[in-house]
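In the working numbering, the protein residues as written are -4 to 139.
Ideal placement from N, C-alpha and C gives every residue a C-beta, glycine not left out.
The structure under discussion appears below in the form of structure tokens.
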């Protein structure tokens, strides 16, 4: 099994991402794209999408992109900056990319946004750093 397919398979088992309704749109060695609908049951007491739901989408993208090399990786740091509040029932998108990586440490940037008539409105950005443990997620993979 290819490295990318291993993490896609593991993502299908992510119960929290399922609860949020996160959809994996695209994954390759260096980038990820996901989305979810900001359902009303994800609203805070102001009737707006909860910051934790927004963070949850970013974190789901981080887990998939950060673990896509068949190497169990753990978060060292995640910090998010909220730029605007999306409307309830909108689709929230996230694009993630690798900023820098060494054998053990990786740094990633995630941009969360909504779209209206193909115009993107930035909702949040998250910078994340991880540590690669060196332990395989699945030791039965092809090196492709």
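- The Cβ atoms of residue 53 and residue 123 lie closer than 9 Å to each other.
- Residue pairing for residue 30: DSSP places it in a beta bridge opposite 18 and 88.
- Within the model, the alpha-carbon separation for residue 38 versus residue 45 is close to 5 Å.
- The residues 126 and 127, in chain order, have a CB closer than 7 Å to that of residue 99 in the same chain once the five nearest residues on each side in sequence are set aside.
- Per DSSP, the continuous alpha helix (DSSP H) segment holding residue 50 begins and ends at 46 to 61.
- By the CB criterion at 9 Å, residue 109 and residue 83 fall outside the cutoff.
- Here residue 51 is buried, its C-beta having at least 16 other C-beta atoms within 10 Å.
- Closest in alpha carbon position to residue 72, among 121, 130 and 10, is 121.
- Distance from the CA atom of residue 42 to the CA atom of residue 1, rounded to whole angstroms, is 38 Å.
- Distance from the Cα of residue 55 is smallest, within the candidate group 15, 67, 34 and 74, for 15.
- In this structure, residue 106 sits near residue 91, with a CB-CB distance shorter than 9 Å.
- Within the same chain, and ignoring the five residues on either side of residue 116 in sequence, the residues whose Cβ sits closer than 7 Å to its Cβ are 79, 108 and 109.
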